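Note that the protein sequences, when read in sequence, are chains A and B.
Quick note: the first sequence uses this note's numbering, first residue 119, plus one each step.
Quick note: the second sequence uses this note's numbering, first residue 119, plus one each step.
Glycine included, each C-beta is placed from N, C-alpha and C at the ideal position.
Quantities reported herein were computed from a predicted structural model and do not represent experimental measurements.
This report refers to the structure that appears directly beneath it.
Number of protein chains: 2
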Amino acid sequence: MARMPAAERRRQLVEAAIRVMTRDGVARATTRSIAAEAGVSLSVFHYCFASKQDLFESVVETITEHSVAGVDPSVALEGTVRDTVRAGLRAYWDHVVTHPGEHMLTYELTQYALRRPGFEHLARRQYERYAAAHVQLVERLRDSAGLELLVPAATLARYLAVVTDGLTLNHLVLCDPERAEELLDVIADQCAALVRRPPRP
Amino acid sequence: MARMPAAERRRQLVEAAIRVMTRDGVARATTRSIAAEAGVSLSVFHYCFASKQDLFESVVETITEHSVAGVDPSVALEGTVRDTVRAGLRAYWDHVVTHPGEHMLTYELTQYALRRPGFEHLARRQYERYAAAHVQLVERLRDSAGLELLVPAATLARYLAVVTDGLTLNHLVLCDPERAEELLDVIADQCAALVRRPPRP
DNA sequence: GTCTATAGGAAGATAGAC
DNA sequence: GTCTATCTTCCTATAGAC
């Protein structure tokens, strides 16, 4: 095996871990399977990470950043508010349908963290990052289009986060895209009802 | 140890398993810990259940039935539609806040089932049971109060299921009851907007 | 039906040669 | 830095006495 700095090995192992976890689930992501996926021996794993939980922490960080990076902050109001929201939801939904494993993994990691004493903060940070991304999205759209919100931006953002979370989980279990589309229509209507578009001056 | 019919022993073991899973998480619910919790030896476990997965199947069934039984089908329209929905959400939410472990367990079991090849149907059945309970709730309220729904009953029911699911998960991670109450207010408004109350004849 | 004892394996982590 | 070999612990499941 080629030698390389420990930092890069760590990156390799984290990526391998994410692949294994996506494919086989968090419970089956053992130190051995991760090391094998990365093409290194078990000892290299423990040379780079003090423990499995150490690696796990890096995995959660990486996954969370990756998910947040997928939120497009450059939304612009095109057409009605309702249509803009619907388009945003559609973009998100396309990602869920085409990458279900990735979303499943985020749920698994959340629960894994909630169950390991001393790791609850990782789950919390994960959800706070998502919440912050949603707030940013709502505020950008509000400011760029001069919208008036009938509820605080933070509340609307939380509503969005909660609804997409519930819908995603539902899809991972029942996998019923048609019903999901119906609900996305309803949700877009609901969001539009929480926003007022002031007349052009 | 006293002798008893295998059926009752099975019940005991399933209840012990649920206690262990609620307390320590599904991953830590080993055959040993479950047998110890039930106060029987490991061999008794395997006398009553062919395998751990056999027990697991019974656990999911039991938990699902228990959750569905918590849905009160005797809702009646008191005051406005909005207030009735809000009251129903409040009752559900009280249960979430006072029994977080129980709800956490249902999420864990769902994921556990989704990841075990050959057990996906358990997760699906679980969510279908929830969906059916929500549909029943909506239809009862609609019929008893003569409401007109602006979306199909099934869609409204799914909206409710998705929103409560997302909200519950959010609470298990962030545990922010005040923000949750705000969202429950918004959601009650949203639901009321999907319903029209015809004038009394 | 219930027990003790054990098979048989996989897990996390470490030791020490190279 | 990387390897093979090994320690220790925990798991599911079974065997066989009572």
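Close beta carbons around residue i, own chain, < 6 Å, minus the five adjacent residues each side
i: A/D190; result: none
i: B/M176; result: Checking the sequence, you will find Ser at residue 176 of chain B rather than Met. Excluding residues within five positions, the ones whose Cβ falls inside 6 Å are V132.
i: B/R128; result: C166
i: A/L223; result: M139 and T140
i: A/Y230; result: V144
Any chain B beta carbon closer than 7 Å to residue i
i: A/Q254; result: no
i: A/Y245; result: yes
i: A/V138; result: no
i: A/Y277; result: yes
i: A/L301; result: yes
i: A/L265; result: no
i: A/V281; result: yes
i: A/Q229; result: yes
i: A/L259; result: no
i: A/A304; result: In the sequence under discussion, the amino acid at residue 304 of chain A is Val, which differs from the Ala named in the question. By this cut-off, A/V304 is an interface position.
i: A/Q130; result: no
i: A/L292; result: yes
i: A/L287; result: yes
Reduced DSSP category for residue i - H, G, I as helix; E, B as strand; rest coil
i: A/V158; result: coil
i: A/L195; result: coil
i: B/H239; result: helix
i: B/F163; result: helix
i: A/A125; result: helix
i: A/A147; result: coil
i: B/A120; result: coil
i: B/D261; result: helix
i: A/D190; result: coil
i: B/D294; result: coil
Span of the alpha helix (DSSP H), counted from its first residue to its last, around residue i
i: A/S176; result: K170 to A187
i: A/A231; result: P218 to R233
Residue i - partner residues in DSSP beta bridges
i: B/V313; result: B/L267
Within-7 Å CB hit, residue i to chain A
i: B/T273; result: yes
i: B/L240; result: no
i: B/V178; result: no
i: B/G284; result: yes
i: B/R233; result: yes
i: B/L173; result: no
i: B/G143; result: yes
i: B/E226; result: yes
Residues near residue i in its chain [Cβ-Cβ closer than 7 Å; skip 5 each side]
i: A/R247; result: T182 and V186
i: B/Q254; result: P191
i: B/T228; result: A241 and Q244
i: B/H258; result: What sits at residue 258 of chain B in the sequence shown is Arg, not His. Answer for B/R258: P191 and V193, listed in chain order.
Close-in-space but distant-in-sequence residues of the same chain around residue i (CB under 8 Å, 5 per side omitted)
i: B/A310; result: T198, V199, R200 and V203
i: A/I136; result: V177, T180, I181 and L223
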